[in-house]
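Residue numbers (full-length UniProt numbering): 1 to 64.
No residue lacks a Cβ here, since even glycine has one placed at the ideal position from N, Cα and C.
Given the structure is predicted, the values throughout are model-derived calculations rather than measurements.
Below is one structure, written out as structure tokens; comments come after it.
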């Protein structure tokens, strides 16, 4: 049995339907130059593209 890759487990989370969700980049600094709409959208988790998700799901053999 393969171990869980902790670096992947910290960055991604599996949704109830099996999609990999991730936090948006661009939230760490320079927030004063971003609009309220941008900051609001950046706060939501986003689904990872299916093609990128396939190898990462192999890193999470037990799910999360």
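Is it the case that the Cβ atoms of residue i and residue j are separated by a distance below 7 Å?
{"i": "residue 21", "j": "residue 10", "result": "no"}
{"i": "residue 60", "j": "residue 4", "result": "yes"}
{"i": "residue 46", "j": "residue 15", "result": "no"}
Within the continuous beta strand (DSSP E) that includes residue i, where are the two ends?
{"i": "residue 14", "result": "12 to 14"}
For residue i, name the three-state secondary structure that DSSP assigns.
{"i": "residue 45", "result": "coil"}
{"i": "residue 22", "result": "strand"}
{"i": "residue 5", "result": "coil"}
{"i": "residue 40", "result": "helix"}
{"i": "residue 33", "result": "helix"}
The alpha helix (DSSP H) spanning residue i covers which residue range?
{"i": "residue 57", "result": "50 to 58"}
How many whole angstroms separate the CB atoms of residue i and residue j, which I take to be in contact at a CB cut-off of 8 Å?
{"i": "residue 42", "j": "residue 27", "result": "5 Å"}
Any contact of the region 27 to 40 with the region 51 to 62, i.e. 3+ C-beta pairs under 8 Å? no
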